[in-house]
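Worksheet: one structure, shown below.
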Amino acid sequence: MDLLSSAGEGRPWPEAAEAALARLADPDEDVRRRAAYLVVHAGSRDVALSALGELTEPVVRTALADSLRGSVAHLQDDPLASVRFLARLETLSVAPPRQWPPLDRALFADAREAARHLDGVGGRWGRVLYGLGRERHVYALAARLLGDPATRDIGAGLAREACHGWRAAPVELLPLLVRHCGRGISLAMAKALTTASISEAAMERHGVLIATVPFTPYPKARRPSGSPTPSYDSTAAAAVLQDKPVDTGRLHRAPEIFGALLDAGPLTFRQAAQLYNLTFKRPGRMQAVCAPLWLRHAGATALPRILDLMTPHVGDYVMGEYYSEGLARMGRHAMPALPSLTALIDRRTRIPVNDSTRDGETMLDERLLAAAIDARRAILADTAS
60 MDLLSSAGEG RPWPEAAEAA LARLADPDED VRRRAAYLVV HAGSRDVALS ALGELTEPVV
120 RTALADSLRG SVAHLQDDPL ASVRFLARLE TLSVAPPRQW PPLDRALFAD AREAARHLDG
180 VGGRWGRVLY GLGRERHVYA LAARLLGDPA TRDIGAGLAR EACHGWRAAP VELLPLLVRH
240 CGRGISLAMA KALTTASISE AAMERHGVLI ATVPFTPYPK ARRPSGSPTP SYDSTAAAAV
300 LQDKPVDTGR LHRAPEIFGA LLDAGPLTFR QAAQLYNLTF KRPGRMQAVC APLWLRHAGA
360 TALPRILDLM TPHVGDYVMG EYYSEGLARM GRHAMPALPS LTALIDRRTR IPVNDSTRDG
420 ETMLDERLLA AAIDARRAIL ADTAS
């Protein structure tokens, strides 16, 4: 089934779907799940819906409903709780607010039984609520689910998804997670605690509390190093640049090299051309670290162009930290960038980023947030001095 799914790559393939139909009764549960996926994605939805209506085995029916997504919204009265739960989630995701309360009640009533056959009930629920912007409701729902041992893992999954979506969620939910850990921490609870620990705000406020429970904190990634300690004099710096082409695209320790030259006096025409190319040729880390140096060289007349280069990138998950750090180095000159930094800081939701894991994406947002806060603090401090 895995090989057929990989070979088909989601395109219609009736022969593969036919082979998968024959395996929906396989004794191996994993084979049944994969076969259900292939029936939906390689065959027709009508065939999959027909199989869902005819079969009774809960694993297969759940897997079919999960793969059918929006096509099962009409099955809210299905006899299987997991299918009902998926149908109501699909309905809730597009429902107007007036329809939320009855759907909320029905989902809550089915959540525990649905989790017998459906993985990640809390996370699925949380993603739909995030899409609807129902932040405060998620916190209240997590409290209800965590308070009942029978739904605690569902609540942990919901809390973890909330921490992935909203910046304030770890601060709100971490005390609840700690309170309901119990003697043995489940895998779902441990994962939720690990995700919540990514938030610097949550750890600052609840660090003492979370230290009382055993879990593995998310590893903190290295931040940009800040202004490096100068290790070049102007002679050594000039010698380095002399060996580089004018159109060089990269220069290791550029802040130190050009900083030493600017401290000693104006750049030569060739050195200025090198710095210009590093600053204006392409966006990236090199541009972010060299732009403040170009401002030192060219003076205040270059400020609007420099800020136009830098402010659009402060929320970029690959290089935003470096742009925020560059703005911090510019100090009071970067005052016009404060609205961009403040908009990033004041976001309630995480910045959309791309990483191999949701925790990794949350960490990237935390790093961008911390860099923006540091930059704003540096700019305001320099303005006040």
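All residue numbers in the sequence shown are consecutive under the working numbering, ending with 444.
No residue lacks a Cβ here, since even glycine has one placed at the ideal position from N, Cα and C.
Using a 10 Å radius around the Cβ and a threshold of 16 neighbouring Cβ atoms, would you call residue i buried or exposed?
| i | result |
| --- | --- |
| residue 385 | buried |
| residue 250 | buried |
| residue 380 | buried |
| residue 133 | exposed |
| residue 224 | buried |
| residue 87 | exposed |
| residue 157 | exposed |
| residue 196 | exposed |
| residue 16 | Given that the chain is displayed from residue 60 to residue 444, the structure contains no residue 16 and the question cannot be resolved. |
| residue 425 | buried |
| residue 428 | buried |
| residue 346 | buried |
| residue 113 | exposed |
| residue 263 | exposed |
| residue 98 | buried |
| residue 351 | buried |
| residue 311 | exposed |
| residue 115 | exposed |
| residue 66 | exposed |
| residue 147 | buried |
| residue 348 | buried |
| residue 74 | exposed |
| residue 233 | buried |
| residue 178 | exposed |
| residue 61 | exposed |
| residue 212 | buried |
| residue 226 | buried |
| residue 68 | exposed |
| residue 192 | exposed |
Hey, residue i and residue j are a contact pair by Cβ (cut 8 Å); roughly how many whole angstroms apart?
| i | j | result |
| --- | --- | --- |
| residue 176 | residue 121 | 4 Å |
| residue 108 | residue 126 | Rounded, the Cβ-Cβ distance is 11 Å, inconsistent with contact. |
| residue 140 | residue 172 | 4 Å |
| residue 261 | residue 255 | 6 Å |
| residue 189 | residue 231 | In fact, because the Cβ distance is near 14 Å, the residues do not count as touching under 8 Å. |
| residue 368 | residue 361 | Not quite, the Cβ-Cβ distance comes to about 10 Å (not below 8 Å), so this is no contact. |
| residue 94 | residue 82 | 4 Å |
| residue 271 | residue 237 | 7 Å |
| residue 216 | residue 267 | With a Cβ gap of about 26 Å, residue 216 and residue 267 do not count as contacting. |
| residue 71 | residue 101 | 7 Å |
| residue 344 | residue 389 | About 16 Å; that fails the 8 Å criterion. |
| residue 170 | residue 162 | Incorrect: roughly 12 Å between the Cβ atoms, too far for contact. |
Under the DSSP definition of a beta bridge, which residues are partnered with residue i?
| i | result |
| --- | --- |
| residue 408 | 225 |
In chain order, what residues of the same chain have a beta carbon less than 7 Å from the beta carbon of residue i, not counting five sequence neighbours either side?
| i | result |
| --- | --- |
| residue 329 | 305 |
| residue 323 | 293 |
| residue 202 | 235 |
| residue 356 | 321, 326, 331, 334 |
| residue 374 | 403, 410, 427 |
| residue 85 | 91, 94 |
| residue 241 | none |
| residue 397 | 435, 438 |
| residue 119 | 83, 91, 95 |
Who are the near neighbours of residue i in its chain, counting only those whose CB is closer than 6 Å to its CB and skipping five residues on each side?
| i | result |
| --- | --- |
| residue 296 | 316, 319, 320 |
| residue 258 | 229 |
| residue 416 | none |
| residue 434 | 383, 386, 387, 400 |
| residue 393 | 386, 438 |
| residue 214 | 201, 204, 205 |
| residue 376 | 412, 423 |
| residue 299 | 316 |
| residue 285 | At residue 285 the pLDDT is 49, less than 50, meaning the model places this residue with poor confidence; the figure from the coordinates comes in the next sentence. Excluding residues within five positions, none has a Cβ falling inside 6 Å. |
| residue 149 | 129, 132 |
Does the beta carbon of residue i come closer than 7 Å to any beta carbon on chain B?
| i | result |
| --- | --- |
| residue 197 | This model lacks chain B altogether; it includes just one protein chain. |
Any heavy atom of the ligand GTP within a distance shorter than 6 Å of the CB on residue i?
| i | result |
| --- | --- |
| residue 160 | This structure does not include the ligand GTP; it has no bound ligands of any sort. |
Leaving out the 5 sequence neighbours to the left and right, which residues in its chain are closer than 8 Å to residue i when beta-carbon positions are compared?
| i | result |
| --- | --- |
| residue 307 | 333, 336, 337 |
message: Just to confirm the assignment: which complete beta strand (DSSP E) runs, minimum length 3, are found wholly within the stretch 217 to 295?
response: none
- prompt: Curious, which full-length alpha helix (DSSP H) runs of at least 4 residues does the stretch 360 to 438 contain?
  reply: The stretch 360 to 438 is shown to contain whole alpha helix (DSSP H) runs of 4 or more residues at 362 to 369, 379 to 389, 397 to 404, in chain order.
field: Segments of 4+ residues assigned as alpha helix (DSSP H) that fall wholly inside the stretch 131 to 158
entry: 140 to 152
- request: Counting only runs of 4+ residues fully inside the stretch 93 to 125, write out the alpha helix (DSSP H) ranges in chain order.
  value: 104 to 113
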